[in-house]
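Asks: The end of the sequence shown is residue 195 by full-length UniProt numbering, with every number in the run present.
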Amino acid sequence: MFTGIVETTGQVRDVIDEDGGRRVRVGADLDGLAHGQSIAIDGTCLTVENHDDGWFELFCSTETLERTTLSTIAADDAVNIERALPADGRFDGHFVQGHVDATAELRSVERIGDDWEFAFSLPESVARYVVEKGSITVDGISLTVADLRADSFTVAVIPATYDLTALSEKQPGDPINLEVDVIAKYVERLTEGYR
1 MFTGIVETTG QVRDVIDEDG GRRVRVGADL DGLAHGQSIA IDGTCLTVEN
51 HDDGWFELFC STETLERTTL STIAADDAVN IERALPADGR FDGHFVQGHV
101 DATAELRSVE RIGDDWEFAF SLPESVARYV VEKGSITVDG ISLTVADLRA
151 DSFTVAVIPA TYDLTALSEK QPGDPINLEV DVIAKYVERL TEGYR
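(1) Do the segment 1 to 11 and the segment 73 to 88 touch if we need at least three Cβ pairs shorter than 8 Å?
(2) Are C45 and G98 close, meaning C-beta to C-beta below 7 Å?
(3) Pick from S71, S135, W116, T8: whose alpha carbon is nearest that of I158?
(4) How would you write the range of the beta strand (DSSP E) that L58 sits in, first residue to last?
(5) Who are H51's beta bridge partners in DSSP?
(6) Using the Cα positions of I73 and V26, report the straight-line distance between them to the nearest angstrom.
(7) Could you check the C-alpha separation between A160 and G193 for me, to the nearest Å?
(8) Using 8 Å as the cut-off, can you tell me whether the segment 58 to 67 makes contact with the segment 118 to 128, which would need three or more C-beta pairs spanning the two stretches below that distance?
(9) Grouping DSSP H, G and I as helix and E and B as strand, with all else coil, what is P172?
(10) Check whether the Cβ atoms of V180 and D92 sit closer than 7 Å, and answer yes or no.
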């Protein structure tokens, strides 16, 4: 499990397409990485397969590539990185599984004083799980929905989030990964028989 509090950003060093998926090497200074460790890249839970000083390698299955933006990443792209929450760690953000529900598109970015307002498309398949002032994960970042419309939503991004994540690299038209609040999906499932 993750929290949506991005630990650092990394830079894609290499992408190699293989049968059944693609191998991605990410450059980042992370101490204590281990083979088999869960790590979220732009909000997608993956497994560390190989690592050395200053880099680690992951494999993205066909399923992952079909459901996330990892099918479009290339060398030199910036990515958000979060390691799984340790059992004794502080829980900030919100419950994030690293299971991307949909991809969407950045529609606009507007600077408002010291902050930024980011507007994203909202796919119909996940719209019912999104509420104003509720939590949403955008490329692995725990954010709060500031404004909600039928086919879009906005978030307010503070300077710390802007500076410490790859959001600052995004331009309108860029694809992003979305994970909705898992609690909403569980409530829907549990109440199906009563509706």
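Note that CB positions come from ideal geometry on N, CA and C, so glycine has one too.
Replies: Considering the structure as presented:
(1) They touch, by the three-pair rule.
(2) Mapped onto the sequence shown, residue 45 falls at position 45. Mapped onto the sequence shown, residue 98 falls at position 98. The beta carbons of C45 and G98 sit closer together than 7 Å.
(3) Sequence index remark: in the sequence shown, residue 158 carries index 158 (1-based). Shortest Cα-Cα distance from I158 to any of S71, S135, W116, T8 involves W116.
(4) Start at 1 with the first residue of the sequence shown, and residue 58 comes out as number 58. The continuous beta strand (DSSP E) containing L58 extends over residues 55 to 61.
(5) Along the sequence shown, read from residue 1 onward, the residue named residue 51 stands at position 51. By DSSP's assignment, H51 forms a beta bridge with F56.
(6) As a first step, residue 73 is located in the sequence shown; it is residue number 73 there, counting from the start. As a first step, residue 26 is located in the sequence shown; it is residue number 26 there, counting from the start. Answer to the nearest angstrom: the Cα atoms are 11 Å apart.
(7) Within the sequence shown, the letter at position 160 stands for residue 160. Within the sequence shown, the letter at position 193 stands for residue 193. When rounded, the distance between both Cα atoms is 44 Å.
(8) No contact exists between the segment 58 to 67 and the segment 118 to 128.
(9) By one-based count along the sequence shown, residue 172 stands at place 172. When DSSP states are grouped into helix, strand and coil, P172 belongs to the coil group.
(10) In the sequence shown, counting from the first residue as 1, residue 180 sits at position 180. In the sequence shown, counting from the first residue as 1, residue 92 sits at position 92. No, these two residues do not count as a Cβ contact at 7 Å.
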